[in-house]
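Everything below concerns the one structure shown next.
In my numbering, the protein residues as written are -4 to 178.
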C-alpha cells in the first residue's frame, strides 16, 4: 500500500501521512458512525466493506485523481480522521476537498489547521486553480468551517442527489489559488 513518493506533511502537532493497513479499524470506526456518515458520501457496516475505502484512498493517488491523507497526532499514535482532494480535473485545474474526523476530536480546531495545508498542497504542488467543497445544505458545521477558511459560497444545487431515499441539496463553496494573477 505504500508509495515511496507519497507526500507526508507535518505541522506543529499534526501528521498527514499515507494510509496504512493498520488504519482499517480507525477508518471503519469513523465511517460506520451515524453522526460522521450523516453528511459523508459512504458508510460501512463491516471491516471487510471498509477495505473498499482503503482501496479508494490508494487508487486516487495511483490514478492521479486525488490524494487523501490519514490525519494523526505528530507522534503517529492517535488517528484523528482523514482529509484530502478528489475528483481532480487536470484539464480544468480543479478538485474537490473532503474530510472527516472521529467524533472525539470534533471542535478541537483540527480541521482549521488541516484544510489550509491541504489547499496549499493542491495549489502549490498539484497546480490547481480551484478547490471546491460540496456541502449538504443542512450541514451547518461544515458550512461554517468553509466560511472560516475563506471559501466563497457560490450557490446551492437544489435536489442535486438522492441520499437515503430523499433528495438533498448541496451548497457549493470554492477557493481560488491566491498565488495566481487576476484574483
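Glycine is no exception: its CB is placed at the ideal position from the N, C-alpha and C atoms. Since the structure is predicted, the reported quantities are computational estimates derived from the model, not experimental observations.
Distances from the alpha-carbon of residue 62 to those of 91, 107, 140 put 91 closest.
Note on geometry: alpha-carbon atoms of residue 39 and residue 119 lie some 34 angstroms from one another. Inclusion of residue 8 and residue 108 in the CB contact set at 9 angstroms is warranted, their separation being smaller than that value. Linking residue 122 to residue 169 through their CA atoms gives a straight-line distance of about 16 angstroms. The alpha helix (DSSP H) runs of length 4 or more contained entirely in the segment 86 to 140 are, from start to end of the chain, 105 to 119. Annotation for residue 172: 118, 124 place their beta carbon closer than 6 angstroms to its own, counting only its chain and skipping 5 residues before and after. Residue 28 carries a coil assignment under DSSP once its states are collapsed to helix, strand and coil.
In the structure shown, residue 51 falls within a helical segment according to DSSP collapsed to helix, strand and coil. Beta-bridge partners of residue 81 (DSSP): 91.
The C-beta of residue 48 has 16 or more other C-beta atoms within 10 Å across all chains shown, which makes the residue buried. Assigned with DSSP and collapsed to three states, residue 170 falls in strand. A residue is called buried once 16 or more other Cβ atoms fall within 10 Å of its Cβ, and residue 66 is buried on that count.
In the DSSP secondary-structure assignment, residue 162 is bridged to 157. Contact check for residue 132 and residue 74: beta-carbon distance about 30 angstroms, past the 8 angstroms limit, so the pair fails to qualify. Inclusion of residue 1 and residue 56 in the CB contact set at 9 angstroms is warranted, their separation being smaller than that value.
Rounded to the nearest angstrom, the gap between the Cα atoms of residue 71 and residue 14 is 12 angstroms.
Residue 45 sits buried, since 16 or more C-beta atoms from the chains shown fall within 10 Å of its C-beta. Each of 88, 24, 142, 151 was checked against the Cα of residue 111, and the nearest Cα belongs to 142. Cα atoms of residue 106 and residue 140: separation of roughly 8 angstroms, rounded to the nearest angstrom.
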